[in-house]
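Engineer:
Number of protein chains: 2
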Amino acid sequence: MTALIGIDWGTTSFRAWRMGQGGKVLETISDGPGILAASALPGGFRQALQDSIGPWLDGTPIIASGMITSRNGWVETPYLPLPLDAAALAGSLTLHDGIHFVTGAVSDPDGPAPDVMRGEETEIIGHLAGGGTGGLFVLPGTHSKWARAEGGSLVGFRTVMTGEVFAALRDHTILGRLIQPGPGSEEAFRQGVEAGRQDGALLGRIFSARTLALMDRLAGEQIADYLSGLLIGDEVAQGARDADGPVTIIGRGDLAARYQTAFEVLGVSAQIAPPGMAQRGLWEIARMRGLL
Amino acid sequence: MTALIGIDWGTTSFRAWRMGQGGKVLETISDGPGILAASALPGGFRQALQDSIGPWLDGTPIIASGMITSRNGWVETPYLPLPLDAAALAGSLTLHDGIHFVTGAVSDPDGPAPDVMRGEETEIIGHLAGGGTGGLFVLPGTHSKWARAEGGSLVGFRTVMTGEVFAALRDHTILGRLIQPGPGSEEAFRQGVEAGRQDGALLGRIFSARTLALMDRLAGEQIADYLSGLLIGDEVAQGARDADGPVTIIGRGDLAARYQTAFEVLGVSAQIAPPGMAQRGLWEIARMRGLL
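Chains A and B, in that order, are what the protein sequence lines are. The first sequence runs 1 to 292 under my numbering. The second sequence runs 293 to 584 under my numbering.
(1) Which residues in chain A sit within 7 Å of ASP517(B), going by Cβ to Cβ distance?
(2) Taking the alpha-carbon positions, what's the LEU169(A) to THR454(B) distance?
(3) Looking at the C-beta of HIS127(A), does it have a partner C-beta in chain B at a distance below 8 Å?
(4) Go through its chain and collect everything with a Cβ distance to THR259(B)'s Cβ below 8 Å, but skip five positions before and after it.
(5) How would you list, in chain order, the residues of chain B whose beta-carbon sits under 9 Å from the beta-carbon of PRO275(A)?
(6) Along the chain, where does the beta strand (DSSP E) containing THR386(B) start, and where does it finish?
(7) Using a Cβ cut-off of 8 Å (strictly closer), state whether VAL557(B) contacts chain A.
(8) Apply the 10 Å Cβ neighbour rule to GLU281(A) and answer buried if 16 or more other Cβ atoms are within range, or exposed otherwise.
(9) In its own chain, which residues sit with a C-beta less than 7 Å from the C-beta of VAL165(A), not counting the 5 before and 5 after it?
(10) Using a Cβ distance threshold of 8 Å, determine whether the segment 531 to 543 of chain B contacts the segment 264 to 276 of chain A, with at least three qualifying pairs required.
(11) For ASP463(B), which of THR304(B), ILE417(B) and ILE515(B) has the nearest alpha-carbon?
(12) Quick check: is the beta carbon of PHE499(B) nearer than 8 Å to any beta carbon in chain C?
(13) I'd like to confirm the pairing. Which residues does DSSP put opposite PHE101(A) in its beta bridges?
(14) Return the CA-CA distance between ALA38(A) and PRO538(B), expressed in angstroms with no decimal places.
(15) Can you tell me where the beta strand (DSSP E) holding ARG440(B) begins and where it ends?
(16) Contact defined as beta carbons within less than 8 Å: I believe LEU175(A) pairs with ILE206(A). What is the distance between those atoms, to the nearest angstrom?
(17) Kindly confirm or deny that the segment 476 to 493 of chain B and the segment 435 to 453 of chain B touch, where touching means at least three C-beta pairs closer than 8 Å.
(18) According to the neighbour-count rule (16 or more other Cβ atoms, all chains shown, within 10 Å of its Cβ), is PRO114(A) buried or exposed?
(19) Using a Cβ-Cβ cutoff of 9 Å, what residues of the segment 162 to 176 of chain A are near chain B? List them in chain order.
(20) Should GLY334(A) be flagged as near chain B, meaning a C-beta pair shorter than 8 Å?
(21) What residue range is occupied by the uninterrupted alpha helix (DSSP H) comprising GLY229(A)?
(22) Look at the alpha carbon of THR142(A) and the alpha carbon of GLY20(A), and state the distance between them as a whole number of angstroms.
(23) Tell me the rounded alpha-carbon separation between TRP309(B) and LEU428(B).
(24) When the Cα atoms are used, what is the spatial distance from SER65(A) to GLU120(A)?
Okay, structure coming up:
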């Protein structure tokens, strides 16, 4: 019997879980339309839901987190301040069109570098609810999030634009000119991480992706991995300065593995969290709200 | 009477000087075709020369520096190692098609981050030949160069891709989405420099160009200047760590002024060199070679 439907709905991704007693996952849909694609449908978000998980829609409570509550989403909800725990998220759910929306978080709203997230807070809550320890987290992505949790609450975070900057440098600067497609080179990635940890301006270090290639010390098919290593190495070296224990990587697949490699090269302890953090966080928030 | 024709020939720029006795500038052409445009002409570089300074070509010695000696230039010449002085540049001129080409410099060719320049070495030599002091130099541009000179020689340098990265971020990432055209805001530029000096990853700090705008704390027409300040502030804060006296800015116009503002905000002493460093360097190298 279905107890809850959870959705992690991002700009370009849609993952949904049909959960039974105790939050057990009965079924997963992971290829629904992201917000950009869904909002372009004639029937908009409602149609996207029907197309993706129509057979599940039988009155079971639905809870959703992610960029779906941003300005371009289904409903825009205000950010919650830090520290933020599952109870605060549960207490501020927005019921709209029959769906309970989890809102995002804001860090340092009046300071020099305010920051925001929508979706990652739910993954961190899921980690903590499952008995995971606090400490420092990284959620790699187009915009990576580095977050700190203490005593069951999210207490701080910041966004690092590594993925998007990598794509812009690769596709729109001189660094991309010599790149050749290839099978991927872990050696070049590690070399980049080593270079990325060096002192001095990142804006300078990246130029080595060109000069090493010009001097035939880096093959064309290694440049992209080297540059990726440079940027992830910079991100991890700077982010891990705040670590006071093993860093938890919340992410999947190749990208999480790349970050783990970077941590290893830099000599910082890190572990990849088990999968399912978003689903688990949605369950926990729904449970605290009494939706189950 | 013309004693020397000097050309500073870059990828997208061409400046030429007709010089008389003692290096006095008799005439200047500053709008000739850069290498990309020149190489696309039916008659190539020869035609570009004829079109730009044809009336000057009467057998007077011609000396040229810049990217014109790179792989895509008129003739490719090998880089010279550091330390590098006017005599070494004079001793390695390449005579090709009747023109004396000044070659570029390589830094740390076997190290983890080799670096190269073509053209800036001549400007620095010009500064030193004119009685300018050594120390730390910055030559702002698409690819800024930070260089150190001691005892009449160029002894170290590195490239910082600030200008090109700025354009890629503005035009090809989410940071550019909220930008509105405007008259330019020195206030926003200074605010960006302040933010750029903060500790922590640059890849994270740049995200504030979006969040400050989302929170209506930065107007759409201020975002570009703020982002420019963030990047130049990062470059200057990191580059100036090596300063042991006033930094010399070799550059012109708005960009040199921006850098001077950044130095001022960061509390580092800096001065803009008088104009004409390339022309002066070309004269000095030709003089040492006995071309005059």
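The beta carbon of each residue, even a glycine, is placed where N, CA and C say it ideally should be.
Structural biologist: With the structure as the only source:
(1) Near ASP517(B) there are no residues of chain A at all, since even the closest Cβ is about 16 Å away, more than 7 Å.
(2) The alpha-carbon separation between LEU169(A) and THR454(B) amounts to approximately 12 Å.
(3) Cβ-Cβ to chain B under 8 Å: no for HIS127(A).
(4) Examination of residue 259(B) is not possible in this model, given that chain B is present from 293 through 584 alone.
(5) Neighbours of PRO275(A) in chain B, taken as residues at a C-beta separation under 9 Å, are lacking, since the least C-beta distance is about 26 Å.
(6) First-last of the beta strand (DSSP E) with THR386(B): 386 to 388.
(7) Output row for VAL557(B): interface = no.
(8) It is Gly, not Glu, that sits at residue 281(A) in the sequence shown. Under this definition GLY281(A) is a buried residue.
(9) The residues are LEU231.
(10) The segment 531 to 543 of chain B vs the segment 264 to 276 of chain A: no contact.
(11) Of the candidates THR304(B), ILE417(B) and ILE515(B), the one whose C-alpha sits nearest the C-alpha of ASP463(B) is ILE515(B).
(12) Among the chains of the structure shown, chain C does not appear; the protein chains present are A and B.
(13) Its beta-bridge partners are ALA64(A) and THR94(A).
(14) Distance between ALA38(A) and PRO538(B), taken at the CA atoms: about 57 Å.
(15) Secondary structure note for ARG440(B): its beta strand (DSSP E) is the uninterrupted segment 436 to 442.
(16) Correct: roughly 6 Å between the Cβ atoms.
(17) Using a Cβ-Cβ distance cut-off of 8 Å, the segment 476 to 493 of chain B and the segment 435 to 453 of chain B are not in contact, since fewer than three pairs of beta carbons, one from each stretch, lie closer than that value.
(18) Label assigned to PRO114(A): buried.
(19) Taking 9 Å as the cut-off between beta carbons, the residues of the segment 162 to 176 of chain A near chain B are THR162, GLU164, VAL165, ALA167, ALA168, LEU169, ASP171, HIS172, THR173, ILE174 and LEU175, in sequence order.
(20) Limits of chain A in this structure are 1 at one end and 292 at the other, which puts residue 334(A) out of reach.
(21) From DSSP, the alpha helix (DSSP H) with GLY229(A) extends over 223 to 239.
(22) Going from the Cα of THR142(A) to the Cα of GLY20(A) covers about 32 Å.
(23) Using only the alpha carbons, I get a separation of about 27 Å.
(24) When rounded, the separation of the alpha-carbon atoms in SER65(A) and GLU120(A) is 9 Å.
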